[in-house]
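What follows is a set of notes on a single structure, which appears directly below.
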Amino acid sequence: AVAVAVLGAGFANQTTVKANSKNPAPAPASAVPVKKEATKLSEAELYNKIQELEEGKAELFDKLEKVEEENKKVKEDHEKLEKKAEDVERHYLRQLDQDHKEQQERQKNLEELERQSQREIDKRYQE
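Per the numbering used here, the sequence shown starts with residue 23, numbered consecutively.
Right under this line is the structure:
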């Protein structure tokens with residue numbers, strides 16, 4: 023294992039020495055204008071891409087605004103429907119209470135009539 027580590031270190035030193043020993047050659051004169059033109063082309067492409075992204079961003083903001091407006095309308099409709107449901111429930115409960123009171127009144131009247139009828143029957147039997 024030690025031998026492998028030493029061998030690996032030796033290769034690393036050789037690589038470093040070889041890399042340091044080579045001097046990079048200057049770029050040919052004809053390559054410089056091509057590189058500048060490629061950079062200009064890349065800048066133009068980047069500018070176009072930025073424009074596309076900005077347009078896409080604007081479209082997304084428009085869609086977001088429409089969705090938010092629609093959401094607001096839906097919430098308002100929901101609130102109106104909840105209020106209407108509460109009103110209907112209140113009306114139903116009032117009507118139910120009224121029906122119950124009327125039923126109690128009818129029952130009371132019926133019981134009173136039965137008592138009167140029973141008293142009349144009792145009077146007839148006594149006579």
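We put the beta carbon where it would ideally sit given N, CA and C, even for glycine.
Leu82 versus Val96 - alpha carbon distance | Taking the sequence shown and counting its residues from 1, the one referred to as residue 82 is at position 60. Taking the sequence shown and counting its residues from 1, the one referred to as residue 96 is at position 74. Their Cα atoms are separated by approximately 21 Å.
For Glu149, which three-state DSSP category applies?
-> Within the sequence shown, numbered from 1, the residue matching residue 149 stands at position 127. In this structure, Glu149 counts as coil in the three-state DSSP scheme.
Pull up the distance between the alpha-carbon of Lys79 and that of Glu87, whole angstroms please.
-> Counting from one through the sequence shown, the residue named residue 79 turns up at place 57. Counting from one through the sequence shown, the residue named residue 87 turns up at place 65. The alpha-carbon atoms of Lys79 and Glu87 are separated by roughly 12 Å.
Ranges of the alpha helix (DSSP H) found wholly within the region 80 to 141, counting only runs of at least 4 = Counting whole runs of 4 or more residues, the region 80 to 141 contains no alpha helix (DSSP H) stretch at all.
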